[in-house]
Structure formats: C-alpha cells, structure tokens
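Asker:
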Amino acid sequence: MADRHPSSHSYLVGALLARTGDEMAGPALLLAAFTLTGSATGASSLLAAVTVSAAIGGPVLGALLDRSPRPGRLLAGALALYAAGLTVVLGGLGRVPVAVTLLVAAVTGLLGPALSGGWTAQLPRTVPAARLPRANALDAMTFGVAGLAGPVLAGGAAEALGAPTAVVVSAALIAAAAPAAWRLPPVSRPAPAPVSGPTARSQAAPVTGIVTSGVRAIAGSRPLARATLTSVLSCAAQGMLIACLPLLGERAAGGAGFGAALLSCAALSALLANAVLARHPHAIAPDTVLWAAPLLQAAALALAATGGPVALVMAVTVVGLAEGPQLTALFAVRHREAPERLRAQVFTTGASLKITGFAVGAAVAGPLADRFLPGALLIAAATAALAAPACFAVRPGGGPARTTTHA
C-alpha cells in the first residue's frame, strides 16, 4: 500500500522540513535582530510583525489553494517566497529603516499558514481513506518534532555560526520543502455540473469575495465550530503559559532559561502522545479528545501556579500530553467535516484563528504575570477549562457545512 502512495512519505518529509524551519525562524530572527540592532524592542516587534500577519494571510492563502487545480505547486511557491522573505528581512536588519524591515516581515508572514494549515489540507490526497487517521497522527507529530528541533537548531547555529546564519539555515530548511510540495497530487474533481444561483455566483466570484467562505463553513458546521472554538481557547491558554515561562523559570530555578527549557518537555510529551495515537488511531474519538484535552491542560496550568520546580516540570509535561492529541483530533475533525471545495480555507482560517488566540493570550498574560504570576496562570487554567463547556454550547447559525465525506 505504501508503494501505491509514495507521495505520503514525501508529504511528511516536506512538512517536517518546513515546520522545523518555521520553528527555527522565530528564535533565529529574534536573536539576529537583537545582535544586529541591539534593540530588544525592535527584535520583539519584528517577530510580532511576522506572527500577526500570518493570522491575516490564512483565509486568503486558503482561498487560493482551494481554487487551484495544482495546490501543491502554489504551496511550493509560497514556501519559496517565505524563505526568500526571511533572507530579505535579515539583509535589511541594521541597514534600512526599521519600518521597512517590519513591512517586509509582515508581508513575509502572510505566507506563514502555508507551513501549517496549507500543508495539512493536502494530506487526504496523499493517502488512501483507510490510512488517513494514522497519517493524520503522523502529520501532527511533525509539529512536535519541529517544536523540539527548531529552537535547539536556532540556538546551536547562533552559538556556532552566528545569529544571522541561523536565519539563513531556517530559510534553507523551508526552501528545501518546496520540491515535496511541488510533487503533491493534483486535485481530482469530477466534471462540474451546470450550476445556477448563489453557488454559481460564488464560483465566479474573485478571491477577495470568497475569503470569508472558510469562516462561514466553520460557523455553519457544529463539529467544525466546536473544534475551532476549543482550539482557539486552548491556544490562548498556551500563549498565557508562554508569557509566564521566563518568570516561572526565575522563581523556580533561578534563571529564565529554565522556563524556556520547559518548552522541550511539553514538546516531547506531545510527541510521545501522538506516537501512541499513530499506532492506535481509533483508540479515542476525536470529538471526545477535543473537550477532554483542555480539561487536562487546565489542571496542569493550575498545578504550575504552585511554583515548585518539580510541580512545574510535571505541569508542562501534562500540558504537552494534552496538546499533542488535541492537535491530532482537530485535524481529524477538519478532514472529516470540511467541504472538499473549501478544505484549505477551513484549515488555514482555523490556523489563523489559533494564531490570534495565542497572541491575545500572551498579550493579556504578560502584564498580569509581572504583577501576580500565580493569578496569570490561574486565568490561563480557567481559559483552558472554558473550552469544555464552550464545546457543548456551540450552536451554529447555518446548516452543516459538510458536503462530501473524505475521511
């Protein structure tokens, strides 16, 4: 069976390269900007420009992918442009006005969802339907591996070769994924039947008029709306935890670096949890994981509020055990429920909403952590816990968005 679907192996290798490069790019840019400009504020602003624009670019990129007969080639172009944008940003640091560099970073960030939702939306065309659950778990594992390897590679390259070289390496990894994207299978659709009314007008509409289709598809399907809402709330809680980690490290172990190192514990436990799911993809229903995982995450965040070193390590490990399966479940629901013609938009719009939730959570928790760290963590726990009742309270305004079954 594997020989009949060799593109699945190419898909996973490409996804791993692109996502590792992306995870490496953030800290590498931060280090390079600080090294070349000497400004911590400028460095953080650069990273914020890339992140915020990624939230905006998702729906547009998804619309373009859904309308393309060869989405893999469009994806390859997006990866190449993203890598090129990183090198242009690097070249401008300390040489051109800060505003120009931030603008280039923001434009580059628009293509960021290509590395997450844009890739994952193509997965069903690389494997037979019976193998999709396992492939879905493996796809989610690439995020865990990238989350572990990316920051380590960034730090190692910066120490050994200099921070600017770390940015170049991250761009090279992303560009190296482009050939795998180029080889992704084309869309195989039956010959379209004559249509009229709103559907015909929608098909003829320009891209600028259909970028909200992903939002409507999510809002109109209860499973998609549930999955999206729970993932956004969980990401907001994750952003709050990230904002608290430096202070947690200082108070628990005397150094902010300890807090950053805890991210590796979370990434490793998420990876191990997804490895188990890859071997037993039908062990737990994805819809159950979506509401149960945030409760586990909430308990872990409450434990982190106690502040002890052992409790902190245990807490972030449990956070990873919740995050890994939740990501796999989220992908499974999207693959199952998303209409074929809107699949990429559902994935990239969902990714954009998650990025927004993460950014809002981090922004809210930062000032709170400075004043009362345990309080910030308890608010993060409450945010995660809110995902469970919110999941069951969802009542979409429209009919089901699902028009085809592809799982």
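Numbering-wise, our numbering puts 218 at position 218 of the sequence shown, and it's gapless, one number per residue. Heads up, the beta-carbon is just placed ideally off N, CA and C, and yes, glycines get one too. Since we're looking at a predicted model, the values are computed, not measured.
1) Does any residue of chain C have a CB that is nearer than 8 Å to the CB of Pro367?
2) To which residues of the same chain is Ala166 closer than 6 Å at the C-beta, ignoring the five residues directly before and after it?
3) Excluding five sequence neighbours on each side, which residues of the same chain lie with their C-beta closer than 7 Å to the C-beta of Leu327?
4) Is Thr35 near Gly109, with beta carbons less than 8 Å apart?
5) Nearest-angstrom Cα distance between Ile355 and Gly239?
6) Can you have a look at Thr288 and say buried or exposed, based on whether 16 or more other CB atoms are within 10 angstroms of its CB?
7) Taking His415 as the reference, which of Ala380, Ala365, Ala177 has the closest Cα?
8) So, Thr20 versus Ala175, is the Cβ gap smaller than 8 Å?
9) Pick out the complete alpha helix (DSSP H) segments inside the stretch 263 to 344, 4 residues or longer, and give them in chain order.
10) Pro190 to Arg73, Cα distance in whole Å?
11) So the alpha helix (DSSP H) Val98 belongs to, where does it begin and stop?
12) Residues in the same chain with beta-carbon distance under 7 Å from Gly92, minus the five sequence neighbours each way, listed in chain order, please.
13) Within 10 Å of its beta-carbon, does Gln203 have 16 or more other beta-carbons around it, so buried, or fewer, so exposed?
14) Going by DSSP in three states, Thr383 sits in which element: helix, strand or coil?
15) Quick one: grab the DSSP three-state call for Pro389.
16) With DSSP run on the structure shown, which of helix, strand or coil describes Ala177?
17) Does Ala319 pass the burial test, meaning 16 or more other C-beta atoms within 10 Å, or should it be called exposed?
18) Hey, Val316 and Ala266: beta-carbon distance below 8 Å or not?
19) Applying the 10 Å Cβ sphere with the 16-neighbour rule, what's the burial state of Val145?
20) DSSP on Gly94, reduced to helix/strand/coil?
21) Reducing DSSP to helix, strand and coil, say where Gly366 ends up.
22) Can you list, in chain order, the residues of its chain with a C-beta nearer than 7 Å to that of Leu81? Leave out the 5 residues immediately preceding and following it.
23) Please state whether DSSP places Val232 in a helix, a strand or coil.
24) Contact defined as beta carbons within less than 8 Å: I believe Ala171 pairs with Ala76. What is the distance between those atoms, to the nearest angstrom?
25) Rounded to whole angstroms, what's the CA-CA distance from Ala387 to Ala302? Just pull it up for me.
26) If you drop the 5 nearest sequence neighbours on each side, which residues of the same chain put their C-beta closer than 6 Å to that of Met24?
27) For Asp22, count neighbouring Cβ atoms within 10 angstroms of its own Cβ and tell me buried if that reaches 16, exposed if not.
28) If you draw a straight line from the C-alpha of Ala15 to the C-alpha of Ala78, how long is it?
29) Taking Cβ to Cβ, would you say Leu47 is nearer than 8 Å to Leu30?
30) With a cut-off of 8 Å on the beta carbons, I'd call Thr348 and Ala236 a contact; round off their distance for me.
31) What first and last residue would you give for the alpha helix (DSSP H) that runs through Ala135?
32) Could you give the C-beta distance for Ser352 and Ala54, rounded to a whole number, given that I count them as a contact under 8 Å?
33) Beta-carbon within less than 7 Å of Gly42's beta-carbon, same chain only, minus the 5 sequence neighbours each way: which residues are those?
34) Exposed or buried, what is Phe358 when buried is set at 16 or more other beta-carbons lying within 10 Å of its beta-carbon?
35) Could you compute how far the alpha carbon of Ser264 sits from the alpha carbon of Ala299?
Answerer: Inspection of the coordinates gives the following:
1) In the structure shown, chain C does not exist; there is a single protein chain.
2) Ala28, Ala154, Ala157, Ala158
3) Ala140, Phe143
4) no
5) 9 Å
6) exposed
7) Any property of residue 415 remains undetermined from this structure, which presents the chain solely from 1 to 407.
8) no
9) 286 to 304, 309 to 337
10) Only weak support exists for where Pro190 lies, its pLDDT of 49 falling under 50; the coordinates are left without a value.
11) 98 to 109
12) Val100, Thr101, Val104
13) The predicted position of Gln203 is uncertain, since its pLDDT is 49 and thus under 50; a value taken from the coordinates is nonetheless stated next. Its Cβ having fewer than 16 others within 10 Å, Gln203 is exposed.
14) helix
15) helix
16) coil
17) Looking at the sequence itself, residue 319 is Val, so the reference to Ala does not match. Buried is the call here.
18) yes
19) buried
20) coil
21) helix
22) Leu111
23) helix
24) With a Cβ gap of about 15 Å, Ala171 and Ala76 do not count as contacting.
25) 15 Å
26) Gly150, Leu153, Ala154, Ser170
27) buried
28) 13 Å
29) yes
30) Not a contact, Cβ separation roughly 19 Å.
31) 132 to 161
32) 7 Å
33) Ala33, Val98
34) buried
35) 19 Å
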